[in-house]
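Engineer:
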């Protein structure tokens with residue numbers, strides 16, 4: 004089974020692409036409500052864990068109210084933890100990988116990185132968002148439905 008460090012590869016590609024243009028516009032925040040307010044339309048989640056319990060509950064609430072649609076790409080070992088999302092209509096796929104972090108892409112709006120020490124790093128540059136979306140779509144094509 005091939006192991007892929009998905010989030011690390013994506014972050015490295017993001018930094019490399021951004022270095023060729025101008026630095027990405029990144030802000031840090033601990034305001035979970037402000038981050039949840041960015042969630043509209045298609046939301047893609049990559050990884051095994053996605054921030055605080057408050058953030059996770061917010062995602063579930065938005066999904067339940069149909070304010071967002073969600074796709075999750077995770078490891079086979081973590082897929083059972085995504086059952087609450089799947090029960091509300093999220094598409095959950097797996098990739099034989101070891102995720103080294105997590106990332107949330109709000110299509111066309113933001114790339115959100117939940118930080119292990121708490122809070123979030125949020126990138127909003129349209130070029131960076133487009134690059135990340137394009138890169139991560141490649142992983143969707145080789146993933147398997149859970």
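Numbering (this note's numbering), first residue to last: 4 to 149. Idealized CB from N, CA, C, for every residue including glycine. Just so it is clear, the structure is predicted and the values come from calculations on it, not from any experiment.
For residue 46, which residues from the same chain have a beta carbon less than 6 angstroms from its beta carbon, with the 5 sequence-adjacent residues on both sides left out?
Structural biologist: Cβ neighbours of residue 46 beyond the five flanking positions: 71, 73 and 109.
Engineer: Using only the heavy atoms of the ligand SAH, determine whether one of them is closer than 7 angstroms to the beta carbon of residue 107.
Structural biologist: Among the ligands in the structure shown, none appear at all, so the ligand SAH cannot be discussed.
Engineer: Going by the DSSP bridge assignment, what does residue 48 pair with across the sheet?
Structural biologist: DSSP, once it has assigned bridges, lists 75 and 107 as partnering residue 48.
Engineer: Looking only at C-alpha atoms, which of 146, 81, 42 and 34 sits nearest to residue 64?
Structural biologist: Selected option, being the one with the closest Cα: 42.
Engineer: If we call anything under 8 angstroms between Cβ atoms a contact, is residue 52 one with residue 105?
Structural biologist: Yes, these two residues count as a Cβ contact at 8 angstroms.
Engineer: Apart from the five residues just before and just after residue 30, which ones in its own chain have a Cβ nearer than 7 angstroms to its Cβ?
Structural biologist: 125.
Engineer: Quick one: what does DSSP say residue 60 is sitting in, helix, strand or coil?
Structural biologist: Helix, per DSSP.
Engineer: Taking Cβ positions, are residue 123 and residue 56 nearer each other than 8 angstroms?
Structural biologist: Contact flag unset, no.
Engineer: Using C-beta distances below 7 angstroms, list every residue in its chain close to residue 61, excluding the 5 sequence neighbours before and after it, in chain order.
Structural biologist: Within the same chain, residue 61 has close Cβ partners 35 and 39.
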